[in-house]
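**Q** Mind having a look at this structure? Questions to follow.
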Amino acid sequence: MARHPQYSQHYQVGGTSGGRSGGQYSQSRSGRGGGGTGGYHGQQQPQQQQQPRQAPAVSAVVEQFSGLGVEGPVAAQPAPPQPSVVAPPASSKALRFPLRPGRGQTGVKCIVKVNHFFAELPDKDLHHYDVTITPEVTSRGVNRAVMEQLVKLHRDSSLGHRLPVYDGRKSLYTAGPLPFHYKDFQVSLPEEDDGCGTPRRDRQFKVVIKFAARADLHHLGQFLAGRQADAPQEALQVLDIVLRELPTHRYSPVGRSFYSPDLGRRQPLGDGLESWRGFYQSIRPTQMGLSLNIDMSSTAFIEPLPVVDFVGKLLNKDISRPLSDADRIKIKKALRGVKVEVTHRGTMRRKYRISGLTSQPTQELMFPVDDRGTMKSVMEYFRDTYHYTIRSPSLPCLQVGNQERPNYLPMEVCKIVEGQRYTKRLNERQVTALLKVTCQRPRERELDILQTVYHNAYNQDPYAQEFGIRISDRLALVEARILPAPWLKYHETGREKDCLPQDGTWNMMNKKMVDGGTVNYWACVNFSRTVQDNIARGFCNDLAQMCLISGMAFAAEPIIPVHAARPDQVERALKSVYREVQSKVKGKELELLIAILPDNNGSLYGDLKRICETDLGLVSQCCLTKHVFKRGKQYLANVALKINVKVGGRNTVLVDALSRRLPLVSDTPTIIFGADVTHPHPGEDSSPSIAAVVASQDWPEVTKYAGLVCAQAHRQELIQDLYKTWVDPQKGTMNGGMIRELLISFRSASGYKPGRIIFYRDGVSEGQFYQVLLHELDAIRKACASLEPNYQPLVTFVVVQKRHHTRLFANDHDDTRTTDKSGNILPGTVVDSKICHPTEFDFYLCSHAGIQGTSRPAHYHVLWDENKFTADGLQSLTNSLCYTYARCTRSVSIVPPAYYAHLAAFRARFYMEPDASEAGSVHRNTAPRAGNRQDGSIRPLPALKDKVKKVMFYC
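For the sequence shown, the UniProt record's numbering begins at 1 and goes up steadily by one.
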């Protein structure tokens, strides 16, 4: 597969061994002198930290981009000849992801087991047929029932003994041709109730099956062998449908997973929900050929309870008394769309789907019984028609059927139908309970996966047999390597000046932060009624001492006494403290706010962060009441780490960064970006998605990250504000966007112009790779070009994925050389063979130590690479960066810039308008916030204050 020519749009291109070069940059370093940053000597800080921290104006920084050189070997080379401008790929078809640059060699080799099962590529003549069912129905379940009936009636006759598989929509596949090109069939099914009370009768369907195409397995074989660039998606889809056919009949399908109460014990989750066990199944193309990925799974289902019992659990109170409006809203949200069956008609259990809830109690409900408008109460109707006396007349009725002709069903005669997944947002208690169920040690999870494969008996599956698919019953054995942990640098004045983490962990004992921040003016607000004044003062004193011991310059006392405040007056309290400090230290500003919060604080935390970060320009540290009373040393040490980076310090730095030994990053000023988009929870139909981008601000240390956030259209994955232009009536066309602003910020903070960009992008699924790369790489290019003509740093674009189902297990669970205390594989375990992409540059890296459950490795997939990383180079850089996460002394599971982007996006949710139905009157009298305007457009997030966005406020 040939690499695609360089992706650029109206930019000049240079080329050296690194791809393009800094040869076009001038050699001067504006305002920097000739030297580099150097390493640490005693307490000496890097050169850029010794300069006054006054950032130049944005316009001045942009002007300086032109005259600024790139330090290191790239800039030292003569300018190469400039090739002609190359147009960008017009579409994904013209774009190719980088080929694997060989396999990594660094690290201690070992063997791991993986939950992938080898699948033999069938040698069958696959045929695809279009299916049209009339009348058309939206339910896949009904479509499947129709086709199941058709196959049962006609398999041995019209279908020529073929056993087809069906996707539930428009496509039917067979292993060999059917004896016709076009045929229609008549199929009858027992009536599904629509909730309108019409008489039941068999439903008649006309099914037309028409030949569409032959599904080509040859190209799939070519792709797996590395002789073809694109994965033949249709062939993979056919094989996936074949292997899903039998479990779809047996279990409840949800996405790519299958659930059943028979696959494990049900566990209550509270509020009328329970967890069901199941398994995930997906066929994947890999280096070892086709592989079936099987993993254990659990999700929330609605308990099949009488509706009255469900409501009692949901509200957690006696429902014999009248319900409040808030109760009714909660019931309506939980039950809308849920299917129920009636219990008051003996064996006739008709099913209905709930569309709403009546505003009146049952005893007040009347409805017309004839065309003359004769009214009858629901109570009378049930007594006269069914000889049933309603026992809970104060409860509202369920509304079923359509809005034009609603049916009213008293709650007490309805029972929830089994097997309905709960798709709305779980509360914290339910999430905790579900995690407890899903949390399995590696040994148990491996056994469960093997048991699932045995139970599914793919070798006896009639559909797999029909299509000639054979699945191994053994976990794949894969060669892995354990990368070494990096050395970490701490301050020279500590007893331990550097540290080598063991099994992904270390601590701050005998160490001082490598670059302790300064806090001269701080204050504390106590929002917890149970924390007395003297307790709050004692806690603040302990925290200040811990910050000092850890290496910060931290004032021992707050600038004003601890301020007690009520949680419902957060804005008044914060502004009062802010003004009081300003009047006391004229010309200075409050540098840090400590806030003591109740353990259950509702919207208080979010309101406080929003006011501090978008209104007052303050960084804050919140501490829960339970921690204030305990005052644990470990807790205080962790809080000190967070405070230090919030006020502009660094906790630790990679020794390899200081000695300029990080692959490619150290030889040329490099900026590392992290980006993520978080979407609203299920059930929130219109609230915006939040995009966040962070970027390193220091070089060569690459430890500090500034962050920016923006709101964008609901569930939009492409980041819209990476680069933007607009027309100003006075100034003309203006350039902006998050990439541009962070590049300017990097130049201002470090004094360098980046020669390389490494962009770690979180949260992108495989189906979105092309469109995300095309859109976001183009935005990066345009942002760079807007700063200086022909400014084109070399870009490497890497997608980080955590939402996958690949798990790595030790080959021997008792081997302490390859497992940690939790039984998981060791941090630094990397796999880039066998289960990875047949030709592209990807790898699995487990960079963290397991705590509980089975570790999930991160999957890194390189979509663009002008820096020409080797496999070892990118894997060791990524692994080393995972030890620089600021909030704890542990290596983390995904590369920190991606983690920070996720934290920043999560924080920005607090800047948005709350859901009106849930917020009540909590947020009265506050400034307008992001959300949807009445015309449907997105209201922008309130801007972060300059002081806040330059530091790691999101930590």
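Ideal Cβ placement from N, Cα and C applies to all residues, glycine included.
What does DSSP give as the partner residue(s) for W726 in the beta ladder?
**A** Its beta-bridge partners are M734.
**Q** May I have the straight-line CA-CA distance separating P700 from R660, to the nearest angstrom?
**A** If I take the Cα positions, the gap works out to 7 Å.
**Q** Which complete beta strand (DSSP E) runs does the segment 470 to 520 hold, if anything under 3 residues is left out?
**A** With a minimum length of 3 residues, the continuous beta strand (DSSP E) runs that stay inside the segment 470 to 520 are 476 to 482.
**Q** Select from S620, F223, D156, T493 the residue whose C-alpha is nearest the C-alpha of G648.
**A** Here the closest residue by C-alpha is S620.
**Q** I believe R277 touches G264 by the beta-carbon criterion, under 8 Å. Please report the beta-carbon distance rounded to the nearest angstrom.
**A** The Cβ separation is near 3 Å, so the contact holds.
**Q** Check the C-beta distance from W864 over to L774 and give it rounded, since I have them as a contact under 8 Å.
**A** The Cβ separation is near 10 Å, so there is no contact.
**Q** Between the segment 300 to 307 and the segment 124 to 131, do at least 3 Cβ pairs fall closer than 8 Å?
**A** The segment 300 to 307, when compared against the segment 124 to 131, does not touch it at the 8 Å Cβ threshold.
**Q** With C-beta atoms as the reference, is T884 less than 8 Å away from Y860?
**A** No. Outside cutoff.
**Q** Do you know offhand how far A457's Cα is from P857's?
**A** In a straight line, the C-alpha of A457 is about 28 Å away from that of P857.
**Q** Taking the runs of the alpha helix (DSSP H) that are 4 residues or longer, which of them lie wholly in the segment 858 to 893?
**A** Complete alpha helix (DSSP H) runs here, min 4: 871 to 881.
**Q** Nearest-angstrom Cα distance between G763 and F746?
**A** C-alpha separation (whole angstroms): 25 Å.
**Q** If I measure Cβ to Cβ from T134 and keep anything under 6 Å in the same chain, skipping five residues before and after, which residues do I get?
**A** Excluding residues within five positions, the ones whose Cβ falls inside 6 Å are K206.
**Q** Kindly list the residues whose CB is nearer than 8 Å to the CB of N510, restricted to its own chain and excluding five residues on each side of it in sequence; keep chain order.
**A** Correct list, in chain order: G494, R495, E496.
**Q** Applying the 10 Å Cβ sphere with the 16-neighbour rule, what's the burial state of S84?
**A** Caution applies to S84, whose pLDDT of 34 falls short of 50 and renders its modelled position unreliable; the model cannot decide the point.
**Q** Return the residue from the list S855, T870, P663 that minimises the CA-CA distance to K821.
**A** For K821, the nearest C-alpha among the options comes from S855.
**Q** Thinking I643 and L592 are a contact (beta carbons under 8 Å), I'd like their distance in whole angstroms, please.
**A** Correct: roughly 7 Å between the Cβ atoms.
**Q** What's the C-alpha gap between Q287 and K170?
**A** Straight-line Cα distance between these residues: approximately 32 Å.
**Q** Indicate whether the contact test is met: 3 or more Cβ pairs, each with one atom in the segment 748 to 760 and one in the segment 779 to 797, closer than 8 Å.
**A** Yes, since at least three Cβ pairs between the segment 748 to 760 and the segment 779 to 797 fall closer than 8 Å, the two stretches touch.
**Q** Does the beta-carbon of Y251 have 16 or more other beta-carbons within 10 angstroms, so that it is buried, or is it exposed?
**A** Its Cβ being crowded by 16 or more others within 10 Å, Y251 is buried.
**Q** If we ignore side chains and look at the alpha-carbon of each, how far apart do R610 and L618 end up?
**A** Approximately 10 Å, taken between the alpha carbons.
**Q** Once the 5 residues before and after N293 are set aside, which same chain residues still bring their CB inside 6 Å of it?
**A** Correct list, in chain order: H116, S282, R284, H805.
**Q** Please name the residue, chosen from I594, V254, D721, that lies closest to G419 on a Cα-to-Cα basis.
**A** For the residues I594, V254, D721, the minimum Cα distance to G419 belongs to V254.
**Q** In its own chain, which residues sit with a C-beta less than 6 Å from the C-beta of G356, not counting the 5 before and 5 after it?
**A** Correct list, in chain order: Q399.
**Q** Is it buried or exposed for Y954, if we count other Cβ within 10 angstroms and need 16 for buried?
**A** By the neighbour-count rule (16 or more Cβ atoms within 10 Å), Y954 is buried.
**Q** Please classify G337 as buried or exposed, where buried requires at least 16 neighbouring CB atoms within 10 angstroms.
**A** By the 10 Å Cβ count, G337 comes out exposed.
**Q** Using the C-alpha atoms, what's the distance from P484 back to residue 956?
**A** No information on residue 956 is available, as it lies outside the stretch 1 to 955 that the chain covers here.
**Q** For A943, I'd like the list of residues in its chain whose CB is within less than 8 Å of its CB, leaving aside the five on either flank, ordered along the chain.
**A** Closer than 8 Å at the Cβ level, and outside the excluded window around A943, lie T614.
**Q** Do you know how far the Cα of V948 is from the Cα of S583?
**A** Going from the Cα of S583 to the Cα of V948 covers about 22 Å.
**Q** Using the Cα positions of P688 and P501, report the straight-line distance between them to the nearest angstrom.
**A** Cα to Cα, P688 sits roughly 41 Å from P501.
**Q** According to the neighbour-count rule (16 or more other Cβ atoms, all chains shown, within 10 Å of its Cβ), is C888 buried or exposed?
**A** Label assigned to C888: exposed.
**Q** For the ligand MN, any of its heavy atoms closer than 7 Å to the Cβ of V338?
**A** Of ligands this structure carries none, so the ligand MN is not represented either.
**Q** Since V340 is in the beta strand (DSSP E), which residue starts that stretch and which ends it?
**A** First-last of the beta strand (DSSP E) with V340: 339 to 342.
**Q** Among I241, L220, V238, which residue has its Cα nearest to the Cα of P232?
**A** Among I241, L220, V238, the Cα nearest to that of P232 is on L220.
**Q** Can you grab the Cα-Cα spacing for the pair K945 / C612, in whole Å?
**A** Distance between the alpha carbons of K945 and C612 is about 9 Å.
**Q** Mind checking V531: buried by the 16 CB within 10 Å criterion, or exposed?
**A** By the neighbour-count rule (16 or more Cβ atoms within 10 Å), V531 is buried.
**Q** Compare the Cα-Cα distances from Y770 to each of T174, I594, V862 and report the closest residue.
**A** Here the closest residue by C-alpha is V862.
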